[in-house]
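Here is the structure we will look at.
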Amino acid sequence: MAKAKSDGVAVSVLDKDGLGDFIKNLRKSGYQVFGPRRDNDAVIYDLIDGADDLPAGWGSEQKGGHYRLRQRDDGAWFGYGLGPQGWKRQLYPPRQKLFAATRTDGGGFTLAPPAPPAPPMAFIGVRACELAAIARQAKVFGDRDFADPGYQRRLADALIVAVQCGEALETCFCASMGTGPEVKSGFDIKLTEVIDNSHHVFVAEAGTPRGAKLLKAAKPASQADIKAAAQVVKNAETQQKHLDPAAARALATNPEHPRWDQVAARCLTCGNCTMVCPTCFCTTVEDVTDLKGDNAERWRKWDSCFTSDFSYIHGGAVRTETRSRYRQWITHKLSTWVDQFDETGCVGCGRCITWCPVGIDITEEAAVITGQGRI
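For the sequence shown, full-length UniProt numbering assigns the number 1 to the initial residue and increments by one for each residue that follows.
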């Protein structure tokens, strides 16, 4: 039977059992399968064994400084919005060993061979804004003279199963940033969850030959399912926050705006915003040895421009005040990142708003400082 088509692309449909079998087959094929699962009163991205691990029937309430899971009445498998952290944890782990060395009898050191590559990963449930974040980090770690081979290998091997958003959270502003809610590129397979009473299916489109091969045995989608899937995405375009990216470019030209002092009075410099941001890439390097000095290791770890030591140069830190650290973060994210990479470092996911303990809103701060909002 010929596949149904939307805009020339073959469209398939999976029921709940079919998606469960799909995940099991990925594991049998040697993939480490990562997906959303409920843990410690949050939805996180972690290893899953099958569809039973997915957070069926759970949604989330998110606003400034607030995250709570809530039960849904429709049984949606992907109705939770966004988890606290994106897929950066899998592609760019928070802690990575760069090398290990052992002292030899002659007084020198020998380097330990690198660990063998981990099995390829499959990501289930990647949102449009998260795909944009992955693409931005791929540029950071690949478009310069010294590419990060670990990141590039992990991304090249990864199978990405995207999921379209059916609703927006209070903190979402991906439409303003041009990164969503519709999934347009960067995926192997794109899913849209369609729920109509007892009819609960996942409309699937392949984005790569690898994805098409995996969907080869799936049933063709009906025109009704294709139409319903298109409506799902339209629902997510409404009630989003707004940020003007063009206006935000002026942030770097307002270093003495009084708003910097006002936001500094609230900011705890905890670094939550940088830890949950899917595009932040700052790190520090730590050398450790055992007590005898016979074994040494070098580790790369996530760091944050909100820590006082991050800007340390011989003699002291450059950014000693909270206002200067917050200013560094937001101006880089929305303004000077464009000078480096020809696009902003923000994808509009809103995580920095949700996970800021005092609810500082990046869209509000940018609007006020650039003259688009009220002081």
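Where is the CB? At the ideal position from N, CA and C, for every residue including glycine.
Being a predicted model, the structure only gives us computed values, none of them experimental.
Contact between Val-201 and Lys-190 is absent: CB atoms are separated by about 14 Å, not below the 8 Å threshold.
Collapsing the DSSP output to three states places Pro-220 in a strand.
When secondary structure is reduced to three states using DSSP, Ser-198 falls in the coil class, being assigned neither helix nor strand. CA-to-CA, the gap between Ile-360 and Asp-261 works out to about 13 Å.
Thr-354 carries a helical assignment under DSSP once its states are collapsed to helix, strand and coil. Uninterrupted alpha helix (DSSP H) stretches at least 4 residues long and entirely within the segment 34 to 106 occur at 88 to 91, given in chain order. The C-beta separation of Arg-136 from Thr-279 comes to about 5 Å, placing the pair in contact by the 8 Å criterion.
By the beta-carbon neighbour count (other beta carbons within 10 angstroms, threshold 16), Asp-39 is exposed. Judged by beta-carbon spacing, Ala-252 lies beyond the 8 Å limit of Thr-370, meaning their Cβ atoms are not closer than that value. Per DSSP, Leu-155 is one residue of the alpha helix (DSSP H) stretching across 149 to 157. Three or more pairs of CB atoms, one per stretch, sit closer than 8 Å, so the segment 115 to 134 contacts the segment 28 to 39. Rounded to whole angstroms, Leu-155 and Pro-258 show a C-alpha spacing of 42 Å. Runs of the alpha helix (DSSP H) spanning 4 or more residues and lying entirely within the segment 255 to 280 occur at 259 to 266 and 272 to 276, in chain order.
Counting C-beta pairs closer than 8 Å gives fewer than three between the segment 306 to 321 and the segment 240 to 249, which falls short of the contact rule. Beta-carbon to beta-carbon, Val-194 and Phe-78 are separated by about 11 Å, too far to satisfy the 8 Å threshold. Looking only at Glu-205, Pro-117 and Arg-325, the smallest Cα-Cα distance to Val-13 is reached by Glu-205.
Taking each of Trp-337, Gln-152 and Arg-325 in turn and checking the Cα distance to Pro-93, the smallest one comes out for Gln-152. The continuous stretches of beta strand (DSSP E) do not include Val-183, and DSSP gives it neither H nor E. Inclusion of Ala-296 and Thr-289 in the CB contact set at 8 Å is warranted, their separation being smaller than that value. A direct Cα-to-Cα measurement between Asp-105 and Ala-115 gives close to 24 Å.
Going by C-alpha positions, Leu-69 is about 16 Å away from Gly-350.
Beta-carbon to beta-carbon, Cys-356 and Asn-272 are separated by about 6 Å, close enough to satisfy the 8 Å threshold. DSSP places Asp-290 outside both helix and strand once states are collapsed to three, so it counts as coil. Where Gly-30 is concerned, there is no enclosing alpha helix (DSSP H), because DSSP gives it neither an H nor an E. Here Ala-366 is near Leu-334, since their CB atoms are less than 8 Å apart. For Val-338, the enclosing alpha helix (DSSP H) stretches over residues 337 to 341.
By the criterion of a C-beta distance shorter than 6 Å, Ala-168 is surrounded in its chain by Ala-236, Gln-239 and Gln-240, once the five residues flanking it on both sides are discounted.
Counting the other Cβ atoms within 10 Å of the Cβ of Phe-99 gives fewer than 16, which makes it exposed. The beta carbons of Thr-322 and Cys-267 sit closer together than 8 Å. For Arg-136, the uninterrupted alpha helix (DSSP H) segment begins and ends at 128 to 140. The secondary-structure analysis by DSSP pairs Met-121 across a beta bridge with Gln-32.
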